[in-house]
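Notes follow once the structure below has been shown.
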Amino acid sequence: MTPNILDRPSSSEELKGWGFPFPTENDTPCSATYSEESVKNDIPEVSPVLHFIARGLHLEAEKPIGVRIWKEDPFYFVANDTLSIYASGKDRSEALNEFYGQVVYLYQHYRSLKEDEVIGLGRELKDRFARLFREI
4 MTPNILDRPS
14 SSEELKGWGF
24 PFPTENDTPC
34 SATYSEESVK
44 NDIPEVSPVL
54 HFIARGLHLE
64 AEKPIGVRIW
74 KEDPFYFVAN
84 DTLSIYASGK
94 DRSEALNEFY
104 GQVVYLYQHY
114 RSLKEDEVIG
124 LGRELKDRFA
134 RLFREI
């Protein structure tokens, strides 16, 4: 059974069921800045990200995408509500890599769909990804 794209996977294990190829060491994710103080105090840090690299694809955002990064022991979380993407990891790097991977995966997925194959939120997200990102 093919998973519904609107049923977001919440972990790397769940993504494996989607046939998702994870970034390798050769895929260089971009870095977002954060302060050690904010992470230590569990205060979400909002960092702008322009480039997303995963799955052998490099996406550039039209304008910086704000991502929230925070820690809730023992996990790190990265989120962007506008894109409906939420990721977690055992460390900051793993959470960011999962987030970047989801951005690239969803960009490719929505790009592959025809206009008559999406409705409602799916159409909105298809338009949003097409408007916000370009391949470089």
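Just so you know, we're using the working numbering here: the sequence shown kicks off at 4 and counts up by one.
Cβ atoms here follow ideal geometry from the backbone N, Cα and C, with glycine treated the same way.
Lys74 (DSSP reduced to helix, strand or coil): In the displayed model, Lys74 falls within a strand according to three-state DSSP.
- prompt: Given that a residue counts as buried once 16 or more other Cβ atoms are within 10 Å of its Cβ, and exposed if not, what is Ala133?
  reply: Flag for Ala133 reads exposed.
message: Taking the beta carbon of Lys129 as the centre, do at least 16 other beta carbons fall within 10 Å, making it buried, or is it exposed?
response: Burial check for Lys129: the Cβ neighbour count within 10 Å reaches 16 or more, so the residue is buried.
task: Return the first residue and the last residue of the alpha helix (DSSP H) that Gly104 is part of.
output: Per DSSP, Gly104 belongs to the alpha helix (DSSP H) from Arg95 to Ser115.
message: Quick check on the DSSP output: the alpha helix (DSSP H) that includes Leu124 runs from which residue to which?
response: It spans Gly123 to Leu135 - the alpha helix (DSSP H) in which Leu124 sits, taken as one unbroken run.
- request: Report, in whole angstroms, the separation of the C-beta atoms of Tyr108 and Asp94, which I expect to be a contact under 8 Å.
  value: Your pair Tyr108 and Asp94 does not check out as a contact, with CB atoms roughly 21 Å apart and the cut at 8 Å.
query: Looking at C-alpha atoms only, which residue of Gln111, Pro51, Ile56 and Arg114 is the closest neighbour of Asn83?
result: Looking at the Cα atoms, Pro51 is the closest of the given residues.
- request: Return the CA-CA distance between Ile139 and His61, expressed in angstroms with no decimal places.
  value: In a straight line, the C-alpha of Ile139 is about 6 Å away from that of His61.
- request: Could you please give me the residues that DSSP links to Pro51 through a beta bridge?
  value: Gly69, per the DSSP bridge assignment.
query: Using the C-alpha atoms, what's the distance from Asp119 back to Glu48?
result: Glu48 and Asp119 have their C-alpha atoms roughly 38 Å apart.
- request: State the Cα-Cα distance for the pair Tyr113 and Asp76, rounded to the nearest angstrom.
  value: If you take the alpha carbons of Tyr113 and Asp76, they lie about 34 Å apart.
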